[in-house]
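> Got a structure here, written out as structure tokens. Questions coming.
2 protein chains.
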Amino acid sequence: MTNGADVLCDALLANGVDTWFANPGTSEMHLVAALDRRPEIRCVLGLSEGVVTGAADGYARMARKPAANLLHCGPGLANGLANLHNARRAHTPVVNIIGDHASYHLPYDAPLTSDIESLARPMSQWVGRSSDPQTMAKDVSAACSAAINGPGVASLILPADMAWGEAENIPAEPAGLNLRAPDPERIAAAATALKSGRKVMFVLSGDTLLEEGLCLAAGICAATGARMTAAVSNGRVERGHTLPPIDIIPYPADMALQMLSDIEVMICIGATVPVSFFAYPGKPSTLAPAGCEIIQAGSFGEDLVAVLQLLADAVGATPCSDFAPVELPPEPVPGPLTGEAIAAGLARLLPENAIVCEESITSAREFWNYSKGSARHSLLQLTGGAIGIGIPLATGAAIACPDRKVVCLQADGSGMYTCQGLWTQARERLDVVTIILSNRSYAVLHREMRNVGITEPGPNARRMLDLDEPALDWVNIARGMGMNGKRVDTAEDFTQTLQAALDRPGPYLIEAVI
Amino acid sequence: MTNGADVLCDALLANGVDTWFANPGTSEMHLVAALDRRPEIRCVLGLSEGVVTGAADGYARMARKPAANLLHCGPGLANGLANLHNARRAHTPVVNIIGDHASYHLPYDAPLTSDIESLARPMSQWVGRSSDPQTMAKDVSAACSAAINGPGVASLILPADMAWGEAENIPAEPAGLNLRAPDPERIAAAATALKSGRKVMFVLSGDTLLEEGLCLAAGICAATGARMTAAVSNGRVERGHTLPPIDIIPYPADMALQMLSDIEVMICIGATVPVSFFAYPGKPSTLAPAGCEIIQAGSFGEDLVAVLQLLADAVGATPCSDFAPVELPPEPVPGPLTGEAIAAGLARLLPENAIVCEESITSAREFWNYSKGSARHSLLQLTGGAIGIGIPLATGAAIACPDRKVVCLQADGSGMYTCQGLWTQARERLDVVTIILSNRSYAVLHREMRNVGITEPGPNARRMLDLDEPALDWVNIARGMGMNGKRVDTAEDFTQTLQAALDRPGPYLIEAVI
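Given below as structure tokens:
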């Protein structure tokens, strides 16, 4: 007999989804049993759902196709929502399969019952509930279509009786990529601005930050005198000395306001109009200067590289292949380790074709600047401000790209949120080097306290900002999850340890005490 | 100047809420600053929000008044929802303060923006949003009233400008306890049933499982021949050799059906009609036998002990003080450690007035049975089926009751969900002994696979159920979070190590390999 679970697995395979991240429970047991009949599906266990959903995000950013998440009822979904929030903000295609009680069992309000739709909707572009095993293939393709065309998070709720119910195995019709065509009026407006002699700034995100888009954008800038910047955070950026260098809008609002202060026209592609990450008393929400014309030339769901190609054609530009090479930073000065020394050391040692998953929070800007001259690499960022994505992101990226070295640049406070992901890296023997920036505090919050006018936090406040009593020992935490590691506190030891870790395959953790 | 954050702190204090559990972010910095001006508030940091909300639940179950949670925007709330689901099912009074962007910043859809109401509603009895610093005291008392009278979870969303906005410090009018009176018709129906000679079973939960309720219920049973059982899971049960022993409805549906098979009348107080935790193909959802009369004699929000008192009066019963003492199990046989040996060893060694937080999943039944003869203790259970509550629950219980020893009986798979809570125990120097039942698997799922008919899981399925590759090393994980521990694998070593840990104050972890 074929059941709904079998059809679901086959429909995902027909849609190219062959990698699942999961933490299943009782209501998903028929799905787990169906996985056993399909050895071509790789299903990766995470020991908390933040690991599961963050890994799916990292996988899909690199594989450029969705992963599936298998989640257990409302609470299992809830545990994964923070990283789904990040995936939603990155516009990563993700398909959630959320198990629920059998449909006839729901009215009894058994202990695990909850309103899954209400939980899923804020972080999903599409929410559906399977109500007939016979339409399972259609439901799955609808979810996949929403995920790849949004692009974004699609959540399919699966009552247990839909999984175990008998179903005819009608092959799924795979969802097609169906992006909207660029809007000619907005292209014309942007082209006019580029030819006007006014001070134009491109704000880029999404696929415009991959190789083809970056070269097109740099070519347009070279031809017209416009400048370009990446949005404050981005799902994926291709970077390194063989690609046109690009700046990024700083997270601190004051720095962002200064960077954008003389802009007369802002052309957003993929990115939305830049706004302050948080509001602060007496400071503006928007970052563009007063009177700046804003042109939203391309949005997610459109072919963003085609937008740049049309603009290049309109101004007679060709993809840039000629740009001033950015030099690597000098070797870090021996002595006590600093965040800057870590950023410089990593930028220098990064191997060709590496993937960097970056959740370094207060040390992010140094790495962005120093790594412009690094070997060619992909950079994945924290997109939605929900901390705890670095370790899971690296886990998923390593599964998508087993031939590439993955480096996770991870702040300690946010790393603790999903430290369980180290176990999955150990289990799957992933080629990931995790660098913990161990400052034993939520350093960003110390800065934010100053931003709201408190220069001397007292005892109650300090206990909310500091992680130093007791200090976390990341090498022991890693060992507890089956991974080796080393603690370093000088620049020279960091450089040596990082080089050794990069030279050797498999997971490793460096606790970099700063 | 007094701001909204000051008023909020004072209004919570006026409502008796002086303990907060928190993981704040930028949008809560004014609240953190206000905490600094109120040293009488104890604010406890958790390194992930599952720790925060689970600790608040444990605190409130023991303190019998709400704790406050301070959570950062939608994703911070989302991380804490699973344990709020458990609190909701336990009917624990909890007040969530959920920071949000400044109200005027919300339309800009900054990266951390999300639909907080949609996330909060499924796990909250009451959801409000502060819209004026001047009404802050009223908003806080409304939240407290909902929490204590539900009783349950109340969520107050606090835009940053409501915290930093100027406010007159009008003292809050504290919320009063305002329970509904028992329903005389249902009391009369239950009394009639008790006097009818039919086979009556009480199904109890909530306050009926504390000392006064248990003695009343046992007295009624002694006078009428009725039997009594606790619901399948309960927020708090008072237990031990000086209290009337009580059974519990088993989690496995087959065992529950058998236990209840001959019942003619079921009187539910606090508990709802027993249903199967999950649905299984071909098995019933409800556990009461066909034709069984169900009387819901008392529900949460009513004075449940008063319901029992009225019933006792109606049948002429007095509180039970005379019952057959239950003997302790024999000393565990030396040799390889088993779940049974752990349950028996703990039941024997439990000190007077201890608190046991139990998330032992597949080993729960042994401990329930063996501990009937233990020293008097409070038992806190996993109420909503959302795993990862044991360590946080123990953390909160220890903060509520600094003079009582807390023992956390914790399965390894669910323990990993919120292992970060060990750090909070170390930081706050809490008197908690954590016993990890280390079977390196989601053992309950192995059982559930058999329940759906799969006796031999294949490689894909086994990788979803087993945690043995690599094995978690809990002693190292504990050390990494600042806590000492020891691994034991024989019954005699377990007993010795447990005795030593109970004799010494402060946090300790025992990895009990079974």
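Protein chains in written order, with the working numbering: chain A, 1 to 514; chain B, 1001 to 1514.
For each residue, glycine too, the CB sits at the ideal point set by N, CA and C.
(1) So which of I510/A, R463/A and N69/A has the shortest CA-CA distance to C144/A?
(2) Quick one, which of N460/A, G485/A and W474/A has its alpha-carbon nearest V433/A's?
(3) For A1314/B and I1295/B, I'd like the C-alpha separation in whole angstroms.
(4) Exposed or buried, M1255/B, counting other C-beta atoms within 10 Å across all chains shown (16 or more means buried)?
(5) For P392/A, which option in V203/A, G46/A and I436/A has the closest C-alpha, if you only look at C-alpha atoms?
(6) Which residues in the same chain as E212/A place their Cβ atom closer than 6 Å to its Cβ, once the five residues preceding and following it in sequence are excluded?
(7) Return no unless some Cβ of chain B is closer than 9 Å to the Cβ of I248/A.
(8) I want to verify the contact list: residues of chain B whose CB lies under 8 Å from the CB of D303/A, in sequence order.
(9) With DSSP as the reference, label G1396/B as helix, strand or coil.
(10) Under 6 Å Cβ to Cβ from L968/B, same chain only, skipping five residues before and after it: list those, please.
(11) Less than 8 Å between the CB atoms is what I'm expecting for S1360/B and A1411/B, so what's the real figure, rounded?
(12) Could you work out which residues of chain A lie near R1089/B, taking near to mean beta carbons separated by less than 7 Å?
(13) Closer than 9 Å between beta carbons: that is the criterion. Which residues of the segment 1264-1281 of chain B meet it against chain A?
(14) Is it the case that the CB of S374/A approaches a heavy atom of the ligand SAH more closely than 8 Å?
(15) Our contact map puts A1253/B next to V1153/B with C-beta atoms below 8 Å; I'd like the distance itself, whole angstroms only.
(16) Does any C-beta atom of chain A lie closer than 9 Å to the C-beta of H1377/B?
(17) Comparing C-alpha positions only, which one of R1504/B, L1379/B, A1082/B and A1271/B sits nearest to D115/A?
(18) Using the three-state DSSP reduction, which class does G99/A fall into: helix, strand or coil?
(19) With a threshold of 8 Å, are at least 3 pairs of Cβ atoms found where one atom belongs to the segment 1061-1080 of chain B and the other to the segment 495-514 of chain A?
(20) Which whole-angstrom value is the C-beta distance of L472/A and M1483/B, which I expect to be below 8 Å?
(21) Run down chain A in chain order and give the residues with a C-beta less than 8 Å from the C-beta of A1033/B.
(22) How would you write the range of the alpha helix (DSSP H) that V1140/B sits in, first residue to last?
(23) Is the CB-CB distance between H1241/B and A1160/B below 9 Å?
(24) Based on the DSSP secondary-structure assignment, which residues constitute the bridge partners of D1247/B?
(25) Kindly indicate which three-state DSSP category D489/A falls into: helix, strand or coil?
(26) How big is the Cα-Cα spacing for S441/A and S414/A?
(27) Look at the alpha carbon of N1003/B and the alpha carbon of E1166/B, and state the distance between them as a whole number of angstroms.
(28) Residues in its own chain within less than 7 Å of I1269/B by CB, not counting five upstream and five downstream?
(29) Taking all protein chains shown into account, decide if E173/A is buried (16 or more other Cβ within 10 angstroms of its Cβ) or exposed.
(30) Examine chain A for any beta-carbon lying closer than 9 Å to the beta-carbon of C1320/B, and answer yes or no.
(31) Starting from M449/A, trace the alpha helix (DSSP H) in both directions and tell me its first and last residue.
(32) Among V1232/B, G1197/B and A1397/B, which residue has its Cα nearest to the Cα of W1368/B?
(33) Flag this pair as yes or no: are the beta carbons of V333/A and A341/A separated by less than 9 Å?
(34) Whole angstroms are fine: how far does the CA of S1103/B sit from the CA of A279/A?
(35) Just the C-alpha distance for L1409/B and L1509/B, rounded to the nearest angstrom, thanks.
(36) Taking beta-carbon pairs under 9 Å, can you tell me which members of the segment 1471-1504 of chain B lie near chain A?
The answer reads as follows:
(1) N69/A
(2) G485/A
(3) 16 Å
(4) exposed
(5) G46/A
(6) V305
(7) no
(8) What D303/A touches in chain B: nothing, since even the nearest Cβ is about 23 Å away.
(9) helix
(10) Only positions 1001 to 1514 of chain B appear in this structure, which leaves residue 968/B out of reach.
(11) 5 Å
(12) P111
(13) T1272, V1273, V1275, S1276, F1277, F1278, A1279, Y1280 and P1281
(14) Of ligands this structure carries none, so the ligand SAH is not represented either.
(15) About 28 Å; that fails the 8 Å criterion.
(16) no
(17) A1082/B
(18) strand
(19) no
(20) No, L472/A and M1483/B are not in contact; Cβ-Cβ is about 11 Å, not under 8 Å.
(21) M449, V452, I454, P457 and A461
(22) M1136 to N1149
(23) no
(24) T1229/B
(25) coil
(26) 10 Å
(27) 4 Å
(28) F1202, L1204, T1208, A1297, G1298, L1304, V1307 and L1308
(29) exposed
(30) no
(31) A443 to N451
(32) V1232/B
(33) yes
(34) 9 Å
(35) 10 Å
(36) A1471, L1472, D1473, W1474, V1475, N1476, I1477, A1478, R1479, G1480, M1481, G1482 and M1483
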